[in-house]
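This report refers to the structure that appears directly beneath it.
Numbering (this note's numbering), first residue to last: 675 to 816.
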């Protein structure tokens, strides 16, 4: 499984937004500048993240974006679902999505697998991502 670039960028954007907690509000343009992401991409993400309640937009003087709830209450699963929809590994969960649906021995197992995957992503909070230093990958000897 591989997350889309948009889901990856959403996590990056939310982590950056979380660094502004307690410091007031931040604009989409500021988030784009701070993350190095294109402004239109951040604006699209902000729209989806706001619709999901993960960000809140405040209008007027001193307005901008802020987290929709505490960073400790926002998970990677929440962020991914805000931009990607439900976390599933296969399209066959919905009736009629698979040519081999009749007699499929895996169909009853996919919901269990999908729940475990979502649960793993739900264990990682925005607060943890904000607080933890990035882990550098180890170089492998050639």
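Backbone N, C-alpha and C define an ideal beta-carbon position, used for all residues, glycine too.
Remember, predicted model here, so these are calculated numbers, not experimental data.
Among 720, 763, 709, which one has its Cα closest to the Cα of residue 740?
That would be 720, whose Cα lies nearest to the Cα of residue 740.
Does the contact criterion of 3 or more C-beta pairs under 8 angstroms hold for the segment 742-756 versus the segment 699-711?
Touching, no, given that fewer than three Cβ pairs across the two stretches are closer than 8 angstroms.
What are the start and end residues of each continuous alpha helix (DSSP H) run of 4 or more residues lying completely inside the segment 687-742, in chain order?
If we require 4 residues or more, the alpha helix (DSSP H) runs fully inside the segment 687-742 come out as 702-709, 713-725.
By alpha-carbon positions, which one of 792, 800, 686, 732 ends up nearest to residue 716?
Of the candidates 792, 800, 686, 732, the one whose C-alpha sits nearest the C-alpha of residue 716 is 686.
Figure out for me which residue from 743, 729, 764, 698 has the closest Cα to the Cα of residue 735.
Checking every option, the nearest Cα to that of residue 735 belongs to 698.
Should residue 738 go down as buried or exposed, given a rule of 16 or more other Cβ atoms within 10 Å for buried?
So residue 738 counts as buried.
Just list the alpha helix (DSSP H) runs in the segment 782-812, keeping only unbroken ones of 4 residues or longer that don't cross its boundaries, in chain order.
If only uninterrupted alpha helix (DSSP H) runs of at least 4 residues are considered, those enclosed by the segment 782-812 are 784-796, 800-805.
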